[in-house]
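Novice: Take this structure, written in structure tokens, and hold onto it; I'll ask about it next.
In this note's numbering, the protein residues as written are 44 to 309.
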């Protein structure tokens, strides 16, 4: 089992209080301005990706009043895996705390099997931004690897004060279903989802701004839904991983900036 864990702390700004990781992981701080409230961490790995029978176990604790952004270094590749690969992620976000995470897209290679469980616990005063992007595989390979993976199953559950407020269950077995049929991927090859919630916030203005930006993008289809008065979710289909990643990352950067601006006012 490969694992990493981190816990934030507080001085004048958010600090890294506890960190632990095994090979192939490394966690480094990438915050350029040390006076910023937001702690920016990057996950690095010496492995090319998830290999057969790999099990990643991840724990993140964002304590009350702290703010964390977790970034990734590169695309998450899942290699051919007869026994499968697995990742479990447990995240807790405290009162008046902030956590954002938009990892690079996942690329399942031909023959890959992958299962992931993301359990996120937040408080009523927490702010969370969570994104995920799945590609069809290495579609630009000479052989063409569109949807040649065996199985991809990810479950994301978000709880607010121990009450589930969001669940995304993505189960894809290309051999069992024609993903190009109407109502599924159709002419697209990649998909992404993003969830955002902030306390005492009417997110209508945010949704309108995002819709305006996304509507100008070529080659995508998207929907944005108001989940609660202070929460929205996005689902987007496209054909270019970098395009989806750029769109989601800009949303994340905008929210990260607000956290730093609020920290300076305080």
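Don't be surprised by glycine CBs; every beta carbon is placed ideally from N, CA and C.
Write down every uninterrupted run of the alpha helix (DSSP H) in the region 142 to 199 whose length is 4 residues or greater and which is fully enclosed by it, in chain order.
Specialist: DSSP runs (the alpha helix (DSSP H)) wholly in the region 142 to 199: none.
Novice: Quick check: the Cα distance between residue 152 and residue 282, rounded to an integer number of angstroms?
Specialist: Working through the chain shown from its first residue, we reach residue 152 at position 109. Working through the chain shown from its first residue, we reach residue 282 at position 239. Roughly 17 Å separates the two Cα atoms.
Novice: By Cβ distance, which residues of its chain are closer than 8 Å to residue 91, with the 5 residues on each side in sequence left out?
Specialist: Here the question's residue 91 lines up with position 48 in the chain shown. The residues are 120 and 122.
Novice: According to the Cβ coordinates, are residue 214 and residue 233 closer than 9 Å?
Specialist: The residue given as residue 214 occupies position 171 in the chain shown. The residue given as residue 233 occupies position 190 in the chain shown. Not a contact, by the Cβ cut-off of 9 Å.
Novice: Would residue 79 be called buried (16 or more neighbouring beta carbons within 10 Å of its own) or exposed?
Specialist: Residue numbering aside, residue 79 sits at position 36 when the chain shown is read from its first letter. Residue 79 comes out buried.
Novice: Can you tell me the Cα-Cα spacing of residue 247 and residue 169, whole angstroms?
Specialist: By 1-based counting over the chain shown, the position of residue 247 is 204. By 1-based counting over the chain shown, the position of residue 169 is 126. Rounded to whole angstroms, residue 247 to residue 169 spans 18 Å at the Cα level.
Novice: Using DSSP with H/G/I as helix, E/B as strand and the rest coil, what is residue 203?
Specialist: Residue numbering aside, residue 203 sits at position 160 when the chain shown is read from its first letter. Strand, per DSSP.
Novice: Grab the span of the beta strand (DSSP E) containing residue 105 for me, first residue to last.
Specialist: Taking the first residue of the chain shown as position 1, residue 105 is located at position 62. Counting along the chain, the beta strand (DSSP E) containing residue 105 begins and ends at 98 to 105.
Novice: In angstroms, rounded to a whole number, what distance separates the CA positions of residue 266 and residue 279?
Specialist: Position 223 of the chain shown holds residue 266. Position 236 of the chain shown holds residue 279. Cα to Cα, the separation comes out at about 6 Å.
Novice: Can we say the region 99 to 112 touches the region 81 to 89, given the rule of at least three CB pairs closer than 8 Å?
Specialist: As far as the Cβ criterion goes, the region 99 to 112 touches the region 81 to 89, which means the pair count is three or higher.
Novice: Compare the C-alpha of residue 135 against each of 205, 289, 269 and 178 and name the closest.
Specialist: What you label residue 135 is simply residue 92 of the chain shown in a count that begins at 1. Among 205, 289, 269 and 178, the Cα nearest to that of residue 135 is on 205.
Novice: Taking only three categories from DSSP, how would you classify residue 257?
Specialist: In the chain shown, the residue the question calls residue 257 occupies position 214. It is helical.
Novice: Residues in its own chain within less than 8 Å of residue 305 by CB, not counting five upstream and five downstream?
Specialist: Counting from one through the chain shown, the residue named residue 305 turns up at place 262. Within the same chain, residue 305 has close Cβ partners 80.
Novice: Report the residue from 102, 239 and 269 whose alpha carbon sits nearest the alpha carbon of residue 171.
Specialist: By 1-based counting over the chain shown, the position of residue 171 is 128. Residue 171 has its Cα closest to that of 239, out of 102, 239 and 269.
Novice: Which same chain residues end up closer than 7 Å to residue 140 when comparing Cβ atoms and leaving out the 5 residues on each side of it in sequence?
Specialist: Position 97 of the chain shown holds residue 140. Only 105, 106, 107, 108, 109, 110 and 169 meet the Cβ criterion.
Novice: Mapping DSSP to helix, strand and coil, what is residue 295?
Specialist: On the chain shown, residue 295 is found 252 positions in, with the first residue counted as 1. Reduced to three states, the DSSP call for residue 295 is helix.
Novice: Using a Cβ-Cβ cut-off of 7 Å (strictly less than) and excluding sequence neighbours within five positions of residue 189, which residues of its own chain qualify?
Specialist: Here residue 189 is taken as the residue at index 146 of the chain shown, counted from 1. Cβ within range, chain order: 179, 180, 182 and 232.
Novice: What whole-angstrom Cβ distance do residue 176 and residue 148 have, given they're in contact under 8 Å?
Specialist: Taking the chain shown and counting its residues from 1, one reaches residue 176 at position 133. Taking the chain shown and counting its residues from 1, one reaches residue 148 at position 105. Indeed they touch by this definition, with Cβ atoms about 4 Å apart.
Novice: With H, G and I counted as helix, E and B as strand and the rest as coil, what does DSSP make of residue 57?
Specialist: As a working note, residue 57 is residue 14 in the chain shown. Note: residue 57 maps to strand in three-state DSSP.
Novice: Which runs of the beta strand (DSSP E), 3 residues or longer, sit entirely within the region 206 to 251?
Specialist: Runs of the beta strand (DSSP E) inside the region 206 to 251: 206 to 215 and 233 to 240.
Novice: With distances taken Cα to Cα, identify the nearest neighbour of residue 40 among 93, 293, 76 and 219.
Specialist: Because the chain spans 44 through 309 in this model, residue 40 falls outside it and cannot be assessed.
Novice: So, using beta-carbon positions, are residue 200 and residue 162 closer together than 9 Å?
Specialist: Here residue 200 corresponds to residue number 157 of the chain shown, with the count starting at 1. Here residue 162 corresponds to residue number 119 of the chain shown, with the count starting at 1. Going by C-beta atoms, residue 200 is nearer than 9 Å to residue 162.
Novice: When the Cα atoms are used, what is the spatial distance from residue 193 to residue 224?
Specialist: On the chain shown, residue 193 is found 150 positions in, with the first residue counted as 1. On the chain shown, residue 224 is found 181 positions in, with the first residue counted as 1. Roughly 19 Å between the two C-alpha positions.
Novice: Tell me the DSSP secondary structure of residue 267 in three-state form.
Specialist: The residue given as residue 267 occupies position 224 in the chain shown. Residue 267: strand per DSSP, three-state reduction.
Novice: To the nearest angstrom, report how far apart residue 296 and residue 208 are at their CA atoms.
Specialist: What you label residue 296 is simply residue 253 of the chain shown in a count that begins at 1. What you label residue 208 is simply residue 165 of the chain shown in a count that begins at 1. Whole-angstrom Cα-Cα distance: 24 Å.
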